[in-house]
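> What follows is a structure written as structure tokens; I'll ask about it next.
In this note's numbering, the protein residues as written are 957 to 1029.
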């Protein structure tokens, strides 16, 4: 049985996919969502244990619910 990726990696991959699908660059999205570009990069690489307030900022920036953001994670 294959090891399932860490929750941080799965979440970061989901954020990257949604951001890309929305047409944002990483830097552009970070500015839009009110986050630092390097922080956004760390989230997408699964290197940040993200705070709930920032989860909400990302969801709002993508114009989706927090539940939708976690769909499939």
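Cβ atoms here follow ideal geometry from the backbone N, Cα and C, with glycine treated the same way. Just so we're clear, the structure is a prediction, and the values are computed from it rather than from any experiment.
1) Have a look at 1011, 998, 1010 and flag the residue whose alpha-carbon is nearest the alpha-carbon of residue 965.
2) What are the start and end residues of each continuous alpha helix (DSSP H) run of 4 or more residues lying completely inside the stretch 994-1020, in chain order?
3) For the pair the stretch 1016-1027 and the stretch 999-1006, tell me if three or more CB-CB distances fall below 8 Å.
4) For residue 988, collect the residues of the same chain with a Cβ closer than 6 Å to its Cβ; drop the 5 residues on either side in sequence, then sort them by chain order.
On the basis of the coordinates in this document:
1) Of the candidates 1011, 998, 1010, the one whose C-alpha sits nearest the C-alpha of residue 965 is 998.
2) Positions of the alpha helix (DSSP H) runs, each at least 4 residues long and wholly inside the stretch 994-1020, are given as 1008-1018 in order along the chain.
3) Segment contact: the stretch 1016-1027 against the stretch 999-1006, fewer than three CB-CB distances shorter than 8 Å; contact not assigned.
4) Sequence-distant Cβ neighbours of residue 988 in its own chain, meaning closer than 6 Å and more than five residues away, are 1017.
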